[in-house]
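Numbering-wise (our numbering), the sequence shown opens with residue 639 and increments by one.
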Amino acid sequence: MDKRQLGDTGIEVSPLGLGTVKFGRNEGVKYPQGFEIPNETHLADLLSMAKGLGINLLDTAPAYGTSEERLGNLLKGQRDDWVIAGKAGEEFEDGESFYNFAPQHLTKSLERSLQRLQTDYIDVFLLHSDGNDIENLSDEVIETLLNFKKQGLVRAVGASTKTSEGGLRTLEHLDVVMAMYTADYTDEKPVLDYAEQNNKGVLLKKVLSSGHNTNIEDAFRFAFSHKGTDAAIVGTINPDNLKANARAIEGCL
639 MDKRQLGDTG IEVSPLGLGT VKFGRNEGVK YPQGFEIPNE THLADLLSMA
689 KGLGINLLDT APAYGTSEER LGNLLKGQRD DWVIAGKAGE EFEDGESFYN
739 FAPQHLTKSL ERSLQRLQTD YIDVFLLHSD GNDIENLSDE VIETLLNFKK
789 QGLVRAVGAS TKTSEGGLRT LEHLDVVMAM YTADYTDEKP VLDYAEQNNK
839 GVLLKKVLSS GHNTNIEDAF RFAFSHKGTD AAIVGTINPD NLKANARAIE
889 GCL
């Protein structure tokens with residue numbers, strides 16, 4: 639699987655990224671079926687398979703339960719082999735999500751993520767979204783994210799957004815957006831258009847509609863039909879699904 643440039647960040651990513659929600663959380667998730675969180679051996683084998691398939695991009699967040707801690711243990715000795723996309727702004731405690739976009743909280747969240755992941759940097763650091771993208775992406779928050787980058791704590795900064803307006807504001811000031819773009823949802827196409835025109839990074843989420851889409855070939859083909867798309871993040875703990883996703887992506891590029 640050939641690597642691609644993530645906008646103008648200088649970071650090379652595989653077109654398929656592995657989402658790790660299911661590595662550490664099975665409460666309050668929007669998947670069609672319930673699941674048990676895998677043991678360490680299963681996850682180590684899955685990551686080994688991912689690497690063998692040419693995947694180097696992992697997506698995690700504090701809101702993904704124990705995902706960060708588990709990745710920190712699993713990636714010992716191989717940090718340089720992976721591009722880690724992390725987030726801040728959403729917390730998950732006692733079965734409930736809540737949001738905090740205060741700069742002080744973002745700073746503490748990043749420090750905690752670095753400790754959990756047992757690393758001194760995160761490659762791509764994104765602001766979560768509660769739907770109020772413009773409000774959350776205040777000048778102060780944008781400056782805070784850029785300062786993380788200046789300090790060398792992160793390599794690139796951006797936001798996971800839910801609105802076209804938020805995505806455009808992200809790319810006007812930051813490096814990377816995590817957006818949604820499917821055949822059934824094209825509201826954020828202007829964000830991808832802007833990214834293509836200005837060499838900004840785009841990671842797509844929910845390409846397979848959180849497991850509800852059964853035709854993965856068509857889904858990936860549509861996602862990568864837009865030249866602004868750099869990579870698609872798909873979460874799975876099923877080795878067969880991981881291999882099928884990799885085959886489908888390679889078939890449409």
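Even glycine gets a Cβ: it sits at the ideal position worked out from N, Cα and C.
Per DSSP, residue 880 lies in no beta strand (DSSP E) segment; the continuous alpha helix (DSSP H) that holds it begins and ends at 877-890. In the structure shown, residue 827 falls within a helical segment according to DSSP collapsed to helix, strand and coil.
Cβ-Cβ distances below 7 Å link residue 846 to 854, 857 and 872 in the same chain, with the five nearest sequence neighbours on each side left out; the list follows chain order. When C-alpha distances from residue 814 are compared across 839, 752 and 656, the shortest belongs to 839. Inter-segment contact for the stretch 679-691 and the stretch 861-871 is absent: fewer than three beta-carbon pairs are separated by less than 8 Å.
With a cutoff of 8 Å on beta-carbon distance, residue 783 and residue 765 are scored as near each other.
Between residue 654 and residue 837, the gap from beta carbon to beta carbon reaches 8 Å or more. About 18 Å separates the CB atoms of residue 710 and residue 730; that is not less than 8 Å, and the two are not in contact. Residue 708 has its alpha-carbon roughly 11 Å from the corresponding atom of residue 659.
Partner residues in the beta bridge of residue 736, as assigned by DSSP, are 729. In the DSSP assignment, residue 805 falls within the unbroken alpha helix (DSSP H) covering 802-811.
In this structure, DSSP gives residue 673 a state outside helix and strand, which the three-state scheme calls coil. As computed with DSSP, residue 869 is found in a beta bridge with 841. In this structure, residue 826 and residue 818 form a Cβ contact; the two beta carbons are roughly 6 Å apart against a cut-off of 8 Å. Nearest in C-alpha terms to residue 642, of all of 695, 657 and 661, is 695. Distance from the CA atom of residue 720 to the CA atom of residue 663, rounded to whole angstroms, is 22 Å. Contact check for residue 645 against residue 833 passes: the beta carbons are separated by less than 8 Å.
Secondary structure note for residue 659: its alpha helix (DSSP H) is the uninterrupted segment 659-662. The straight-line gap separating the alpha-carbon atoms of residue 866 and residue 680 is approximately 34 Å. Going by DSSP, residue 681 is part of no beta strand (DSSP E) but of the alpha helix (DSSP H) stretching over 678-690. Between the alpha carbons of residue 791 and residue 717 lies a distance of about 15 Å. Each of 786, 701 and 724 was checked against the Cα of residue 741, and the nearest Cα belongs to 786.
Burial of residue 722 is indicated by the presence of at least 16 other C-beta atoms within 10 angstroms of its C-beta. In this chain, residue 777 is not harboured by any beta strand (DSSP E); it is covered by the alpha helix (DSSP H) spanning 777-788. With a cutoff of 8 Å on beta-carbon distance, residue 744 and residue 724 are scored as not near each other.
About 7 Å separates the CB atoms of residue 735 and residue 666; that is less than 8 Å, so the two are in contact. Taking C-beta atoms under 8 Å as the contact rule, residue 796 and residue 806 fail to qualify, at a distance of about 12 Å.
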